[in-house]
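Enquirer:
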Amino acid sequence: MDPPRPQPDHDIEVQRFLEFLHRELSESCCEQSLPHADFIPRSCLQQYFKRERGSLKRLLRAVIVKEEDIPEIETVQDKYLSVLAILVSIGYGAFLPRFIEQDYSDQQLPFDEKPKYFPIIPTQSFFDLFAVHQWQFCPQIFEQRMDNKHVKPQRVLPVVSKQLLKESAPATIYKVEIHEEYDRLRGDPDMLQHVLDSSKNRRHTYIFKQFTGAHGYAAYNKERTAFKHLKSSKESGKTIIGYYGSFSHNSTYTLILEYADRGTLDEFLRTVQAPSTGEEIMKLWESLLTIQNALYAIHVIPSDTLSYTPDTKDFSALRGWHSDLKPANILVVSGNTDSPFDCEFRLADLGTSNFARLAALGHDIQTADEGATRQYGAPECYKGDLPNHSPLIHPQKADIWSLGCVYSEFAVWIVLGQTGLLQYEEARRRETEKRGITDIGCFHDGERALKCVKQWIDHAFDNKRNSDHVTKSVLRKMVDEMLYPDADACPTAKQLKIKAKDIFETARGLANSGRSGSMASDSTGRLTKQLRPNKKRRRRYEPDDDNSDDESDAPAPAVPSPSRRSTHMTGGVQSPTSLNSALVGDNVYETPYHTDADESTEISTSTSTTSTRRKQSSPASMHGRPNPKSDRKYAPEPTQSPDAGAQESRFPHRNERHQGDITTASTDSHSPVIPTDDKEVVKSRAEHGHGEVSDMIASVQLVESPSQIPAPAPALIDLPKLKAPKPELSLDRGIIYYSDKKAGRSPPLNDDGCMKTLADPERDYVFLIDDSASMYQYRDSVCETVRFLAWLLKEYDKDGIDMYFMKTGGKYHARARSSSDLLPQLSQTMWACQGTSDVTNRLGTILHDYRDRWAQSRQPKRFSLSGLFQGNKIKPLSIYVLTDGEWELGSDPSKLLRDTAAFLEKHGAPESQLGIQFIRFGDKLANKKKLEVLDSGLGAVRDMIDTEPVKGNVFKMLLGPISRLWDDH
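First residue of the sequence shown: 452, per our numbering; consecutive thereafter.
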């Protein structure tokens, strides 16, 4: 082919196109000093030729002499627009047919090396000229999941705006916008088509966190690795700041992160006025408490990062900790409305986080403190800096402490506003200075929480609004435990998640009941007040605490208590039915702890002004007038300390923390409603501190007139009695109970006496574990289930609990009196799950052995003068089979179970002699039906089989196979 003639730049179409290129160049913000640092999106070329009808055909005719060499218009539009623009811009548009001939299309750009059949010209290197100009038409595409990608120095970054937000070591933070055509970070497969078809600006905003130098690279790599560990967590981009990728370019290392448009939590608390309604307060708490979900995701890395190496027998799990949890590292993202309280919170700055392999489940992590956050750091971090103290800390427990400090500040802001928050900070600053603590403004004295911290928590606790059903429960059930320096007493992030769920279930129930009416009414339409007994105050801090006589002298706001603006009768308001009966409807809270005794029955009304917590009556209440400021926004005024007049804090001691929190199923624990026709009873209660006489007498007088008593109701139709509700206990809440007991707290278990069934008579307990490959994904849950159930059962099996595996060879594998002694072998076996399991074989071995021993025990042993003696009595047996039901083909235990039931029936064994509970993991429908058939469709002569999902009721797991009442539950 003859060499093309020079491009006719004087042609009108060529000039128009060159002017368009010059005009439409989008300036890039990349840090490079190339002469051509601008880029032209391909969509601009398409829009130009679409707007200028026939311009592409005229341009091709202008630059290509021979008519037969002019390519099809559609071919150029689809594949060669950028190539054409590059060639025209350097004056060689006539070479386009040669590029089409060799299929050098836009998708092959940019050329890093000279292609084999690239055109040449005699005067200079055509490829070098083409290569220099190609970059402005080939910006870097930001692909989804790009990790540590090396971007060539010549490559233009399609950043259309860049704003410096923060500059500090080791990173500089920029807010950037990436051109929508080259933004594939969110996984849009055809962003270009969206650009052409939509008039809306689909441009997204991101954060570029940029590092430079050797030290910067180490910090960049550490944080990048942290995000990689969390990539499969559902909390990534939800409660943890979103991570879109990372790259290096011109000696700069960049993390691409989600942009939080509302700044940090620290800025939020200082610029936004505290909420004034219960709905706003609940919404904010619900958003903030998701941070503990983020913390759990860091503390317990998702399963796919666990490793097992058969050669080294490395059974290890990856666990992490944040190390720098504080308001400045919690970011705020706007919600869907303009409300300042419609927002989401994200945990950020993983640069100080660390990860380590854990040898086995149940082992704790100890490591040296790396000195991240000091103001929000735990006491053990401070002690590690002192002589004669170990530098090792429990880093995950230190994270919980830091989060507890954040929650305490948030609670003070919710209740007392910005003024209260500033005075809370000032109180800590003064006390730490007074005590000589070098971490000025921290929350501890090197050993435990500061005195002023306890006082301010109490102050917020006592002064929350009546419509606020969350703050008090958060302080009582979460913050109090989080701020214990004793690592053994500290809750885990998972336990905090469960506690938060319970708190919000209770709060929503209270909010709904408040909207439907907080006063009971008789048939005349008059309102009657009813008392609930024994409403307990927040307990005082132990008098023997060595801080109890060291009062903080920091001023604090004397804020009118929102709770004092509406009535709380003595102990609150209680319906005639028991608490558990009231919960049988829509508001059943599945928890052994049910609801906070102070929260669950506290009902507000605007018709009275008494309060069980007030130190003195307000003027409005003294004159019997309703307070017009009920639940209104108020402005705190700095005056006296939060606990003025008190000699000790009401921060509860850990051994009595949960007393009063646990309700039982018995109705005897609730006093009956005060009779409305007995004033003496009312007065007697009032004289003993059970309320205010005037209010009680007023409630009595509402219905004491005979004319107001309604006519007797017609006889009701006899209805079948409803079954009493069974106590409920989920595995998650059971683990909290377990942890509380281990930490020295003594919460009662709301079992309604059902656990006594396990002790009478004494039984043997066996765990049969499915260790096939399909159970690998449930290995952590299996370990937690066995640990908790074995802990509950150990006192009822005096000779130790047995544990078998379906696959692993050998008949007997483990027997232990302690649940913790079973865990090492259980952990190793579950983390090496492989193959398929035959439940019939392993369960058959256990049942045939039990039947043989039973038969032998029934045979006569010897004769004596006193008559016939029988062999040793075989104890009843409960078998707990932990499985997902994914057994190998042909493995069906139905015949085995029917034969065993017939054997026991033939020999007259008691109904509870043998029970088999299948604890199901997973929700595969076929496996679920398979286990349900074993439970209900077996057709055996006696019912000794039960099945329950692992997320079901623990009491039913334990009792279902040996109690007909529980099996039918």
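Idealized CB from N, CA, C, for every residue including glycine.
Name, in chain order, the residues that DSSP records as bridge partners for residue 1216.
Expert: Paired residue(s): 1329.
Enquirer: Smallest Cα separation from residue 1356: which of 888, 1393 and 1345?
Expert: Of the listed residues, the one whose Cα sits closest to residue 1356 is 1393.
Enquirer: Between the alpha carbons of residue 610 and residue 1274, how many angstroms are there, rounded?
Expert: Using only the alpha carbons, I get a separation of about 53 Å.
Enquirer: Using beta-carbon positions only, say whether residue 1293 and residue 1257 come within less than 8 Å of one another.
Expert: Yes, they are a contact pair.
Enquirer: So what's residue 963 in DSSP terms, helix, strand or just coil?
Expert: Of the three classes helix, strand and coil, the one that applies to residue 963 here is helix, per DSSP.
Enquirer: Could you say which of 1179, 585, 508 and 783 lies nearest to residue 541 if we only look at CA atoms?
Expert: It is 585.
Enquirer: Put residue 1400 into one of helix, strand or coil per three-state DSSP.
Expert: Strand.
Enquirer: Quick one: what does DSSP say residue 1287 is sitting in, helix, strand or coil?
Expert: Of the three classes helix, strand and coil, the one that applies to residue 1287 here is coil, per DSSP.
Enquirer: Could you give the residue range of the alpha helix (DSSP H) that holds residue 1188?
Expert: Run containing residue 1188: 1182 to 1193, per the alpha helix (DSSP H) assignment.
Enquirer: Between which two residues does the beta strand (DSSP E) harbouring residue 1421 extend?
Expert: A query on residue 1421 cannot be resolved here, the shown segment of the chain reaching from 452 to 1420 and no further.
Enquirer: Pull up the CB-CB distance for residue 1186 and residue 1246, whole angstroms please, since I reckon it's below 8 Å.
Expert: Actually they are not in contact, since the Cβ atoms of residue 1186 and residue 1246 sit about 18 Å apart, beyond 8 Å.
Enquirer: So what does DSSP say about residue 853, is it helix, strand or coil?
Expert: Residue 853 falls in the helix class under three-state DSSP.
Enquirer: Have a look at residue 946 and residue 912 and give me their C-alpha separation to the nearest angstrom.
Expert: About 22 Å.
Enquirer: Applying the criterion that 16 or more other CB atoms from any shown protein chain within 10 Å of the CB defines a buried residue, is residue 1271 buried or exposed?
Expert: Result: exposed.
Enquirer: Thinking just about the alpha-carbon of each residue, which of 619, 614 and 620 is nearest to the one in residue 628?
Expert: Checking every option, the nearest Cα to that of residue 628 belongs to 614.
Enquirer: Could you name the residues of the same chain whose beta carbon sits closer than 8 Å to that of residue 557, not counting the 5 residues immediately before and after it, in chain order?
Expert: Excluding sequence neighbours, residue 557 sits near 493, 530, 531, 532, 533 and 534.
Enquirer: Kindly indicate the opening and closing residues of the alpha helix (DSSP H) around residue 671.
Expert: Where residue 671 is concerned, the enclosing alpha helix (DSSP H) stretches over 664 to 680.
Enquirer: Give the DSSP-derived three-state secondary structure of residue 792 in the structure shown.
Expert: Coil.
Enquirer: Which of helix, strand or coil does DSSP assign to residue 562?
Expert: DSSP places residue 562 in coil when its eight states are reduced to three.
Enquirer: Answer with buried or exposed for residue 1368, where buried requires no fewer than 16 other C-beta atoms within 10 angstroms of its C-beta.
Expert: Under this definition residue 1368 is a buried residue.
Enquirer: With 16 as the cutoff for other CB atoms within 10 Å, does residue 741 come out buried or exposed?
Expert: Flag for residue 741 reads buried.
Enquirer: Based on the DSSP secondary-structure assignment, which residues constitute the bridge partners of residue 1414?
Expert: Beta-bridge pairing links residue 1414 to no other residue.
Enquirer: Decide if residue 1076 is buried, meaning its Cβ has at least 16 other Cβ atoms within 10 Å, or exposed.
Expert: At residue 1076 the pLDDT is 39, less than 50, meaning the model places this residue with poor confidence and gives no usable figure here.
Enquirer: Identify every residue that forms a DSSP beta bridge with residue 626.
Expert: BP columns for residue 626 point to 614 and 658.
Enquirer: Count the other CB atoms, across all protein chains shown, that sit within 10 Å of the CB of residue 1376; report buried if there are 16 or more and exposed otherwise.
Expert: Counting Cβ neighbours within 10 Å, residue 1376 comes out exposed, since fewer than 16 surround it.
Enquirer: Looking only at DSSP bridge pairs, what is residue 601 linked to?
Expert: DSSP output for residue 601 lists 699 as bridge partner(s).
Enquirer: Counting only runs that start and end within the segment 1227 to 1276, where is the beta strand (DSSP E) found for 3 or more residues in a row?
Expert: Taking only runs of at least 3 residues, the beta strand (DSSP E) segments lying wholly in the segment 1227 to 1276 are 1252 to 1256 and 1265 to 1267.
Enquirer: Out of curiosity, what's the CA-to-CA distance linking residue 551 and residue 1372?
Expert: Between residue 551 and residue 1372, the C-alpha separation is close to 59 Å.
Enquirer: Using only the alpha-carbon positions, how far apart do residue 618 and residue 782 sit?
Expert: Using only the alpha carbons, I get a separation of about 17 Å.
Enquirer: Let me know if residue 889 comes out buried or exposed under the rule of 16 or more other beta-carbons within 10 Å of its beta-carbon.
Expert: Classification of residue 889: exposed, given that the 10 Å Cβ count is below 16.
Enquirer: Roughly how many angstroms lie between the CA atoms of residue 582 and residue 538, to the nearest whole one?
Expert: Between residue 582 and residue 538, the C-alpha separation is close to 11 Å.
Enquirer: Identify, in the order they occur along the chain, each residue of the same chain with its Cβ nearer than 6 Å to the Cβ of residue 600, setting aside the five sequence neighbours on each side.
Expert: Cβ within range, chain order: 698.
Enquirer: Using a Cβ distance threshold of 8 Å, determine whether the segment 922 to 933 contacts the segment 892 to 912, with at least three qualifying pairs required.
Expert: Flag = yes, the segment 922 to 933 and the segment 892 to 912 touch.
Enquirer: When we look at the beta-carbon of residue 858 and count the other beta-carbons within 10 Å, is it buried (16 or more) or exposed?
Expert: Flag for residue 858 reads buried.
Enquirer: How big is the Cα-Cα spacing for residue 901 and residue 681?
Expert: Distance between the alpha carbons of residue 901 and residue 681: 35 Å.
Enquirer: When the Cα atoms are used, what is the spatial distance from residue 607 to residue 892?
Expert: Spanning the two alpha carbons is a distance of roughly 47 Å.
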